[in-house]
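*Asks:* My questions all concern the structure below.
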Amino acid sequence: MSDDISKRCCLANESEPTVTRSTVPMWIIVVTLVLLFFGGLYFDSHGDWGNQKLYKPFTSAEQLETFQPKSGAAAVMAQGRASYETVCGICHGSDGMGKPGQAPALAGSEWVTTKGVNRLAHIPLAGISGPLQVKGQNWNLAMAAMGAALPDENLAAALTYIRSSWGNQAGEVTADEVRNIRAAIGNSPPMLSREQLLALPE
Amino acid sequence: MKNGIAIVFAAVVALGASWCGLVLAPTLQLGGAKLTTVLNSPDTYPLQRTGEASLGLQIYRANGCAACHTEQVRQDGIQAELMLTALGNYQPEDFKAFTESLFVQQALEPVTNALAINLKGWNGSLPFVFLTTSDKEIADKINQSINVPGVKSELRIVATGADLARGWGPRRSVAADYLYDQPVQLGRLRAGPDLANIGVRQPDANWQLLHLYAPKAVVPNSTMPSFKYLFAVRKIGAALAPEALKLNAEFAPAAGYEVVPTAAAKELVAYLLSLRANVPLYEAPFTPVTTKP
């Protein structure tokens, strides 16, 4: 058997095949370099050099940045929610239901769903202390000016968020409104009582 | 072998280069992927799967679902849409005249030409998509210039592409979507629809169970094979089990028998329902349609 095969295939070509060296044709080198060059250009202009956050259809970090939604009602609500949850949510709860013995509810609160925003905006800017009724419940605690440290835009967004979440349906609060009230009451104003607040226009 | 060393060297270089390209570079780029947050929100993304859903991933894998289904949504482009929502005291005709005078001053010819065409066909109904452009800066500029008292407009970011037009998701898939998948079930063939967002599209667990047991029971012309062996057909005990499938006559078992999902079927469905890649991320921004949470 094996003799057959060796006869058929190998006798005619007894010598060991050898490899000879010859230069690579010039055109292959040129084509490779051209391809590498265009590949490099494409890589440079599309990937931002391995930026983790960059996907098609974006081609640069700057372009991605310009497409971040920064305006519109959705963005305000999102920003408001972020501010609310980092500053106010600790006490009032991320569901706006408040916490027994710690802070009253904002969901359905008559202090939150006022027609105007003047009185409401005074609460986080000046603070509130003493006896207080919220949704028929009596409270007697104090809240420092929790919103005073927030920039106008963020506080306005947070107030807009609490006025239109958890079933609340009241209008938005603009950064200008917050700015004006902040300017009117000055730096570190005294905490307000229920009576002082009720004396303010809504 | 005269050139043994050269051949070994060439083999090492060739394998090394492909290892660098296929293993090292992706690891350097995405190996450090971490939990991210949803755009403009403190919520982290993605959510960790429940134990049941993580087991379901293995069932998905074992049954070769990835042979017919992908879990990757592709996106071709991104657009800014300027939507007019209120006109205040303007009448539509006045508003057209007002914008035309504005755009002449702004010298944004190509865009304003497209805009003029849009405005011509507008009968004054609101909300009205005023402008669609891939140039966000121009959209921003126009948004600002029409920002006069009473007029309200909203700039929306919309991802575009064939997969998105099919309703397979609001944005492309990105690495963060797969953070907890081990192994990732990207798939490469679409005999059936993409499943990256099946938990959003079809959140009803009963539908999913029926579909796995008898695809034709819920999708009449379905060509998906049935996965009957993930279910047990057993004699009805004292009463029908609450989890028994509600099948119509054509697919129901013999009288006195009921079909109940095994643990594997429940895990698989928990996994399918956990497939939700529908929130905006920094790397894949878009404006969600529901404005209020």
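For the record, the sequence lines run as chains A and B. Each residue of the first sequence is one higher than the last, beginning at 1 in this note's numbering. Each residue of the second sequence is one higher than the last, beginning at 1001 in this note's numbering. Built from N, CA and C at the ideal position, the CB exists for glycine as well.
In the DSSP assignment, the alpha helix (DSSP H) including residue 1215(B) goes from what residue to what residue?
*Replies:* Counting from one through the second sequence, the residue named residue 1215(B) turns up at place 215. Residue 1215(B) -> alpha helix (DSSP H) spans 1215-1218.
*Asks:* Using three-state DSSP, classify residue 1209(B) as helix, strand or coil.
*Replies:* Indexing the second sequence from 1 puts residue 1209(B) at position 209. Residue state, collapsed to three classes: helix.
*Asks:* Which first and last residues belong to the beta strand (DSSP E) in which residue 112(A) is found?
*Replies:* Counting from one through the first sequence, the residue named residue 112(A) turns up at place 112. No beta strand (DSSP E) contains residue 112(A), which DSSP labels as neither H nor E.
*Asks:* Listing by chain order, which chain A residues have their CB less than 7 Å from the CB of residue 1163(B)?
*Replies:* Numbered from its first residue, the second sequence carries residue 1163(B) at position 163. By Cβ distance, chain A contributes nothing, its closest Cβ being about 12 Å from residue 1163(B), past 7 Å.
*Asks:* Of the residues 1023(B), 1085(B), 1048(B), 1284(B), which one's Cα is nearest the Cα of residue 1150(B)?
*Replies:* The count along the second sequence starts at 1 and reaches residue 1150(B) at position 150. Of 1023(B), 1085(B), 1048(B), 1284(B), the residue nearest in Cα terms is 1085(B).
*Asks:* Considering just the uninterrupted stretch of the beta strand (DSSP E) at residue 1234(B), what are its terminal residues?
*Replies:* For the purposes of this step, residue 1234(B) is identified with residue 234 of the second sequence, where counting begins at 1. That run of the beta strand (DSSP E) goes 1231-1235.
*Asks:* For the stretch 1020-1031 of chain B against the stretch 59-68 of chain A, do three or more pairs of beta-carbon atoms, one drawn from each stretch, fall closer than 8 Å, so that the two count as touching?
*Replies:* Not touching, per the Cβ criterion.
*Asks:* Taking the C-alpha atoms as reference points, what is the distance between residue 1283(B) and residue 54(A)?
*Replies:* In the second sequence, the residue the question calls residue 1283(B) occupies position 283. In the first sequence, the residue the question calls residue 54(A) occupies position 54. Computed Cα separation, rounded: 6 Å.
*Asks:* Can you check DSSP and say which residues form a bridge with residue 1130(B)?
*Replies:* Position 130 of the second sequence, counted from the first residue, corresponds to residue 1130(B). BP columns for residue 1130(B) are empty, so no partner.
*Asks:* CA-CA distance, residue 24(A) and residue 1013(B)?
*Replies:* If you number the first sequence from 1, residue 24(A) lands on position 24. If you number the second sequence from 1, residue 1013(B) lands on position 13. Whole-angstrom Cα-Cα distance: 18 Å.
*Asks:* Which residues does DSSP list as the beta-bridge partners of residue 1246(B)?
*Replies:* Against the second sequence, residue 1246(B) aligns to sequence position 246. In the DSSP output, where bridge partners are listed per residue, residue 1246(B) has none listed.
*Asks:* Give me the residue from 1232(B), 1189(B), 1229(B), 1245(B) with the minimum Cα distance to residue 1205(B).
*Replies:* Position 205 of the second sequence, counting from 1, holds the residue named residue 1205(B). Comparing Cα-Cα distances from residue 1205(B) to each of 1232(B), 1189(B), 1229(B), 1245(B), the minimum goes to 1245(B).
*Asks:* Who are the neighbours of residue 85(A) on chain B, taking C-beta pairs under 8 Å?
*Replies:* Mapped onto the first sequence, residue 85(A) falls at position 85. Within 8 Å Cβ-Cβ: 1042.
*Asks:* In the DSSP output, which residue or residues are listed as bridge partners for residue 1157(B)?
*Replies:* Walking along the second sequence from the start, residue 1157(B) turns up at place 157. DSSP, once it has assigned bridges, lists 1080(B) as partnering residue 1157(B).
*Asks:* At the level of alpha carbons, what is the spacing between residue 195(A) and residue 1087(B)?
*Replies:* Within the first sequence, residue 195(A) is the residue found at index 195, counting from 1. Within the second sequence, residue 1087(B) is the residue found at index 87, counting from 1. Answer to the nearest angstrom: the Cα atoms are 40 Å apart.
*Asks:* Expressed to the nearest angstrom, what Euclidean distance is found between the alpha-carbon atoms of residue 187(A) and residue 123(A)?
*Replies:* If you number the first sequence from 1, residue 187(A) lands on position 187. If you number the first sequence from 1, residue 123(A) lands on position 123. So the alpha carbons of these two residues sit roughly 14 Å apart.
*Asks:* Measuring only between beta-carbons, confirm whether residue 1(A) sits less than 9 Å from chain B.
*Replies:* Sequence index remark: in the first sequence, residue 1(A) carries index 1 (1-based). Note that residue 1(A) scores 47 on pLDDT, short of 50, meaning its location in the model is unreliable; the coordinates nonetheless yield the value given after this. So, not an interface residue.
*Asks:* Among the candidates 1127(B), 1039(B), 1184(B), 1047(B), whose CA atom is the shortest distance from the CA of residue 80(A)?
*Replies:* Here residue 80(A) refers to the residue found at position 80 of the first sequence. Comparing Cα positions, the closest option is 1039(B).
*Asks:* Cα-Cα, which of 1074(B), 1267(B), 1286(B) is closest to residue 1062(B)?
*Replies:* Taking the second sequence and counting its residues from 1, one reaches residue 1062(B) at position 62. Residue 1062(B) has its Cα closest to that of 1267(B), out of 1074(B), 1267(B), 1286(B).
*Asks:* Restricting to Cα atoms, I'd like to know which of 1257(B), 1230(B), 1253(B) is closest to residue 1269(B).
*Replies:* As a working note, residue 1269(B) is residue 269 in the second sequence. Answer by Cα proximity: 1230(B).
*Asks:* Determine the DSSP secondary structure at residue 184(A), reduced to helix, strand or coil.
*Replies:* Here residue 184(A) refers to the residue found at position 184 of the first sequence. Three-state result, residue 184(A): helix.
*Asks:* Since residue 1021(B) meets chain A, which of its residues come closer than 7 Å, beta carbon to beta carbon?
*Replies:* On the second sequence, residue 1021(B) is found 21 positions in, with the first residue counted as 1. Near residue 1021(B) there are no residues of chain A at all, since even the closest Cβ is about 12 Å away, more than 7 Å.
*Asks:* Does the Cβ of residue 1223(B) have 16 or more other Cβ atoms within 10 Å, making it buried, or fewer, making it exposed?
*Replies:* Numbered from its first residue, the second sequence carries residue 1223(B) at position 223. Burial call: exposed.
*Asks:* Would you kindly work out how many angstroms separate the C-alpha atoms of residue 1275(B) and residue 1036(B), rounded to a whole number?
*Replies:* As a first step, residue 1275(B) is located in the second sequence; it is residue number 275 there, counting from the start. As a first step, residue 1036(B) is located in the second sequence; it is residue number 36 there, counting from the start. Each residue's alpha carbon lies about 17 Å from the other.
*Asks:* Closest to residue 126(A) by CA distance: which of 69(A), 185(A), 160(A) is it?
*Replies:* Taking the first sequence and counting its residues from 1, one reaches residue 126(A) at position 126. Considering only alpha carbons, the answer is 185(A).
*Asks:* Any idea what DSSP makes of residue 1185(B), helix, strand or coil?
*Replies:* Residue mapping note: residue 1185(B) aligns to position 185 of the second sequence, counting from 1. The answer is coil: DSSP assigns residue 1185(B) none of H, G, I, E or B.
*Asks:* Is DSSP giving residue 1282(B) helix, strand or coil here?
*Replies:* As a first step, residue 1282(B) is located in the second sequence; it is residue number 282 there, counting from the start. Of the three classes helix, strand and coil, the one that applies to residue 1282(B) here is coil, per DSSP.
*Asks:* Using the Cα positions of residue 1212(B) and residue 1228(B), report the straight-line distance between them to the nearest angstrom.
*Replies:* Here residue 1212(B) is taken as the residue at index 212 of the second sequence, counted from 1. Here residue 1228(B) is taken as the residue at index 228 of the second sequence, counted from 1. For residue 1212(B) and residue 1228(B), the distance between alpha carbons rounds to 7 Å.
*Asks:* Report the three-state DSSP secondary structure of residue 98(A) (helix, strand or coil).
*Replies:* Residue mapping note: residue 98(A) aligns to position 98 of the first sequence, counting from 1. Note: residue 98(A) maps to coil in three-state DSSP.
*Asks:* How big is the Cα-Cα spacing for residue 76(A) and residue 1091(B)?
*Replies:* Here residue 76(A) refers to the residue found at position 76 when the first sequence is read from its first residue. Here residue 1091(B) refers to the residue found at position 91 when the second sequence is read from its first residue. The straight-line gap from Cα to Cα measures roughly 28 Å.
*Asks:* Output needed in chain order: residues of the stretch 1204-1215 of chain B with a Cβ under 8 Å from some Cβ in chain A.
*Replies:* Within the stretch 1204-1215 of chain B, no residue qualifies.
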